[in-house]
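Letter 256 of the sequence shown, counting from 1, is numbered 537 in the working numbering, and no numbers are missing.
Here the structure is laid out as structure tokens; the discussion comes afterwards.
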Amino acid sequence: MTTQTRHIVSLEAPPRWAVVLPFYNEENYLTDTLRSLCEQSQCPAQIILVDNASTDNSANLARTIMGKYPHINAVFLSEPRPGKVNALQSGLIAVKTEFTATCDADTYYPPHYLALAQSLFDKSPVASSVMAIDIYNDVQAMRAKIKRLKTWLISRVLPRQCHTGGFGQMFRTKGLRQCGGFNTKVWPYVLEDHEVAHRILKLGTSVYHRDLWCRPSERRTNGASVNWHLPEQILYHLTPWAFKDWFFYSFLARKFQNRRLDNSKLRERSWV
Numbered sequence: 282m283t284t285q286t287r288h289i290v291s292l293e294a295p296p297r298w299a300v301v302l303p304f305y306n307e308e309n310y311l312t313d314t315l316r317s318l319c320e321q322s323q324c325p326a327q328i329i330l331v332d333n334a335s336t337d338n339s340a341n342l343a344r345t346i347m348g349k350y351p352h353i354n355a356v357f358l359s360e361p362r363p364g365k366v367n368a369l370q371s372g373l374i375a376v377k378t379e380f381t382a383t384c385d386a387d388t389y390y391p392p393h394y395l396a397l398a399q400s401l402f403d404k405s406p407v408a409s410s411v412m413a414i415d416i417y418n419d420v421q422a423m424r425a426k427i428k429r430l431k432t433w434l435i436s437r438v439l440p441r442q443c444h445t446g447g448f449g450q451m452f453r454t455k456g457l458r459q460c461g462g463f464n465t466k467v468w469p470y471v472l473e474d475h476e477v478a479h480r481i482l483k484l485g486t487s488v489y490h491r492d493l494w495c496r497p498s499e500r501r502t503n504g505a506s507v508n509w510h511l512p513e514q515i516l517y518h519l520t521p522w523a524f525k526d527w528f529f530y531s532f533l534a535r536k537f538q539n540r541r542l543d544n545s546k547l548r549e550r551s552w553v
């Protein structure tokens with residue numbers, strides 16, 4: 282792994298937010314995503330960009346965009362090991378802030394995203410994570426309103442489960458590291474977002490809010506080849522908390538191993 286960091290000296294309050302953004306061949310989406318993160322009302326102290334062996338112009342584009350926001354400490358990493366888990370693991374090592382947001386390179390984050398998440402953390406000291414709701418329409422569209430309300434209600438009924446993806450997860454950095462962070466030795470498969478959420482739920486609650494949302498690319502709707510099956514999803518929701526370790530590390534791990542769904546499978550994009 283190679284690293285290049287731009288150091289910024291700040292006289293302001295201690296930094297609270299770092300964004301870890303892994304990417305692999307995302308030159309068509311990276312510009313809008315980075316702009317949305319750099320223009321947050323609660324500006325992140327660090328944006329850690331992890332190039333996971335891209336073969337397009339993503340890495341150069343990332344440097345160009347971040348050059349327009351010199352007040353943000355941009356950290357550029359290169360992770361040659363294929364797979365999002367490896368990229369996230371490298372990124373987490375570089376985090377120097379209280380909170381860590383994992384973001385995806387094809388996702389739009391509204392200006393209030395980090396500010397609202399920070400408020401939710403501050404109001405709930407027992408929260409180990411704050412999660413965003415994914416929408417695929419205008420935020421005021423009826424479908425988006427229903428999705429936000431539905432996910433929030435489900436999170437209240439099933440509070441010890443994950444109801445979002447890696448595009449919208451925020452953690453207390455200390456807790457994320459304490460639970461093992463991102464590590465292929467712990468979980469080498471797809472669905473790493475749900476698995477890490479399971480581990481950090483052992484340290485505290487997970488908070489959702491109807492107004493905390495992000496908008497991933499619509500291409501996400503076609504990812505069945507690297508996802509879990511419906512019976513597995515149902516069993517996840519029905520499995521009591523006391524047996525969740527069994528669900529992930531005995532049941533689901535075996536299923537994914539048989540289907541060869543290691544984390545690098547996320548690079549195989551059916552929408553291309």
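Even glycine gets a Cβ: it sits at the ideal position worked out from N, Cα and C.
Here the C-alpha atom of residue 547 lies approximately 6 Å from the C-alpha atom of residue 507.
Under DSSP, residue 388 forms a beta bridge with 497. Across the structure, residue 297 and residue 406 are spaced so that their CA atoms are roughly 15 Å apart. Runs of the alpha helix (DSSP H) lying entirely within the stretch 316 to 354, each at least 4 residues long, are 339 to 347 in chain order. DSSP places residue 433 inside the alpha helix (DSSP H), whose first and last residues are 423 to 438. Scanning its chain for C-beta atoms nearer than 6 Å, with the 5 sequence neighbours on each side dropped, one finds around residue 331 the residues 303, 358, 360, 368, 371 and 372, in chain order.
In the structure shown, residue 297 adopts coil according to DSSP, grouped into three states.
In chain order, 424 and 425 place their CB closer than 6 Å to the CB of residue 418, counting only its own chain and leaving out the 5 sequence neighbours on each side.
The beta carbon of residue 472 sits closer than 7 Å to the beta carbons of 509 from its chain, once the five residues preceding and following it are set aside; these are given in chain order. Residue pairing of residue 521 in beta bridges, as defined by DSSP: absent, with no partner found. The beta carbons of residue 301 and residue 383 sit about 5 Å from each other, so the pair counts as a contact at 8 Å.
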